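Here the protein sequences line up with chains A and B, keeping their order. Residue 1 is where the first sequence starts when you use the working numbering, and the numbers rise one by one after that. Residue 1001 is where the second sequence starts when you use the working numbering, and the numbers rise one by one after that. No residue lacks a Cβ here, since even glycine has one placed at the ideal position from N, Cα and C. Please read these numbers as outputs of a predicted model, since none were measured by experiment. Quick notes on the structure that follows.
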Amino acid sequence: GENVEQHPSTLSVQEGDSAVIKCTYSDSASNYFPWYKQELGKRPQLIIDIRSNVGEKKDQRIAVTLNKTAKHFSLHITETQPEDSAVYFCAASKGGGADGLTFGKGTHLIIQP
Amino acid sequence: DTAVSQTPKYLVTQMGNDKSIKCEQNLGHDTMYWYKQDSKKFLKIMFSYNNKELIINETVPNRFSPKSPDKAHLNLHINSLELGDSAVYFCASSQLNTEAFFGQGTRLTVV
């Protein structure tokens, strides 16, 4: 089955700086790659997603890049703010059936004031 | 008008008991899921289900079973609860290969 590796497990950045979280996946049939943000005690919520026919997608301060050949994708957050502090999960799925999402192990992002 | 709702939010029970967690979605999605989040925050899929197929993660003990009375509901039944079952369980729904919407989670504590 699919395996998703995520790094780093913890990332501390100064407010205003950029943060980058990287993920790799194993199944070349995967074609949908969402990123979820989970605040303490809350449910995971989608912040951005990308499909395999696109190399990059941006939404205000958040961007995701995908390299299908290398089977890795990354989340970029610019001009970080205190409210960006949370756990971020990457995920992959291949559709075609009710497969569900395979998640990475999460990155705890800490924004230092 | 919550999209995905699950009950209860907290569940404390003794080892050996049988319990159920209910989940309902009003998004009209075809597929529903159960995920387990352990103490290290790792999210792992347990089941995915639509009206055509049930996919079971091979690592899930057969003490866990999903029950779907209709397309909008997917309940989770757990028999003979063990200490290691303590975790947060999330229900979710989606259309195939699109954004999954999660419920608020059920924190299960087995004592």
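Name the chain B residues whose beta carbon is nearer than 8 Å to that of residue i?
i: A:Y32; result: N1097, T1098
Please compile the residues from chain A whose C-beta is within a distance smaller than 7 Å of the C-beta of residue i.
i: B:Q1104; result: R43
i: B:Y1033; result: G100
i: B:K1041; result: V87, G106
Name, please, each residue of chain B whose Cβ falls closer than 9 Å to the Cβ of residue i.
i: A:T69; result: In chain order: nothing, as chain B lies at least about 21 Å away.
i: A:F103; result: Y1035, F1042, L1043, K1044, I1045
i: A:D49; result: T1098, E1099
I'd like the span of the beta strand (DSSP E) that includes residue i, first residue to last.
i: B:L1074; result: 1073 to 1078
i: B:T1098; result: From DSSP, B:T1098 is part of no beta strand (DSSP E); its letter is neither H nor E.
i: B:P1066; result: 1064 to 1070
i: A:R51; result: 45 to 51
i: A:F33; result: 32 to 38
i: B:A1092; result: 1087 to 1094
i: B:Q1025; result: 1019 to 1025
i: B:T1013; result: 1010 to 1013
Please report how far the alpha carbon of residue i lies from the alpha carbon of residue j, in whole angstroms.
i: A:I77; j: A:S28; result: 26 Å
i: A:H72; j: A:K22; result: 7 Å
i: B:L1054; j: A:G1; result: 16 Å
i: A:T24; j: B:T1031; result: 26 Å
i: B:P1061; j: A:Q14; result: 43 Å
i: B:L1083; j: A:V54; result: 44 Å
i: B:A1072; j: B:F1102; result: 14 Å
i: A:F66; j: A:Y36; result: Reading the sequence as shown, one finds Leu at residue 66 of chain A and not Phe. C-alpha separation (whole angstroms): 16 Å.
i: A:V20; j: A:L75; result: 6 Å
i: A:Y88; j: B:N1051; result: 31 Å
i: A:A70; j: B:L1081; result: 42 Å
i: A:T102; j: B:Y1010; result: 25 Å
i: B:Q1006; j: A:Y32; result: 26 Å
i: B:T1013; j: A:G41; result: 20 Å
i: A:D99; j: A:N3; result: 13 Å
With a 10 Å radius around its C-beta and 16 neighbouring C-beta atoms as the bar for buried, classify residue i as buried or exposed.
i: A:E83; result: exposed
i: B:L1027; result: exposed
i: B:H1029; result: buried
i: B:Y1035; result: buried
i: B:Y1046; result: The question names Tyr, but residue 1046 of chain B in the sequence shown is Met. By the 10 Å Cβ count, B:M1046 comes out buried.
i: B:T1106; result: buried
i: B:R1063; result: exposed
i: B:S1093; result: buried
So, at 7 Å on beta carbons, what are the nonlocal neighbours of residue i in its own chain, with the 5 sequence-adjacent residues on each side left out?
i: A:K105; result: Q6, S9
Please compile the residues from chain B whose C-beta is within a distance smaller than 7 Å of the C-beta of residue i.
i: A:S93; result: N1097
i: A:L46; result: E1099
Please go through the same chain and pick out, in chain order, the residues whose beta-carbon is closer than 8 Å to the beta-carbon of residue i, but skip the five residues on each side of it.
i: B:Y1049; result: T1031, M1032, Y1033, I1055, P1066, S1068, L1074
i: A:E56; result: I50, A63, V64, T65, L66
At 8 Å on the CB atoms, spell out the chain A contacts of residue i, in chain order.
i: B:D1090; result: One detail in the question is off: residue 1090 of chain B reads as Phe in this sequence, not Asp. Those within 8 Å of B:F1090 in chain A are R43, P44.
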